[in-house]
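For the sequence shown, numbering that gives the first Met the number 0 gives the first residue as 0, with consecutive numbering after it.
Glycine residues also receive a C-beta, built at the ideal position from the N, C-alpha and C atoms.
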Amino acid sequence: MSVLLAYWIYLDAKERGSDSSLLWAVGCTVFQPLVVGYLLYRSEIGGRTEPAGLTERAVGTFVVGHILTVQLWLALRYVGVLPPFVDSFTLELLYYALLFAAGVVPAYWLVWRRGWARLRRAFGWVQESEVAAR
């Protein structure tokens, strides 16, 4: 999973013209809360000259879906809906599969259907190079 996260961050930062795309990828992999910082800061790096390709969108959808799944899992354990420890690996896998189905829906909209771009345009967070490329 961490390799996919690093790959996705690297592709995005490189496409935006970052000189430190590898550093972003390694940093976000080692310290995963940095992903939120990257997502907020990446528009400052520069605009994309072209939309993400099929591979980048597929990897991004899976990565964001997984991150949302883990956060949902932790929240449900915190409020007591899921037990804190499960003995059976099969049951853990079943929980993950069900929660991933819930987590991949917003990820699909945000990454695959380019919802991030729509939200950024709605809030006016678009770089001039992205406006020129449209």
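List the whole-angstrom C-beta distance separating residue i from residue j, where the pair is believed to meet the contact cut-off of C-beta under 8 Å.
i           : j           : result
residue 55  : residue 115 : Incorrect: roughly 12 Å between the Cβ atoms, too far for contact.
residue 110 : residue 45  : With 8 Å as the limit, residue 110 and residue 45 do not qualify as a contact, their Cβ atoms being about 19 Å apart.
residue 63  : residue 3   : Contact flag wrong, Cβ pair sits at about 11 Å.
residue 20  : residue 13  : 4 Å
If you count every other CB in all the chains shown that lies within 10 Å of the CB of residue i, and 16 or more means buried, which is it?
i          : result
residue 9  : buried
residue 41 : buried
residue 34 : buried
residue 11 : buried
residue 28 : buried
residue 17 : buried
Tell me whether residue i, by its Cβ, gets closer than 7 Å to a heavy atom of the ligand MG.
i         : result
residue 8 : No copy of the ligand MG appears in this structure; indeed no ligand is present at all.
Do residue j and residue i count as a contact pair if the criterion is CB distance below 8 Å?
i          : j          : result
residue 5  : residue 25 : yes
residue 47 : residue 15 : yes
residue 94 : residue 81 : yes
Practice item. Indicate whether the contact test is met: 3 or more Cβ pairs, each with one atom in the stretch 101 to 108 and one in the stretch 39 to 54, closer than 8 Å. Key: No, the stretch 101 to 108 is not in contact with the stretch 39 to 54.
Point to revise | Segment contact, 8 Å Cβ cut-off, at least three pairs: the stretch 89 to 101 with the stretch 59 to 76 | key: Yes: at least three Cβ pairs fall under 8 Å.
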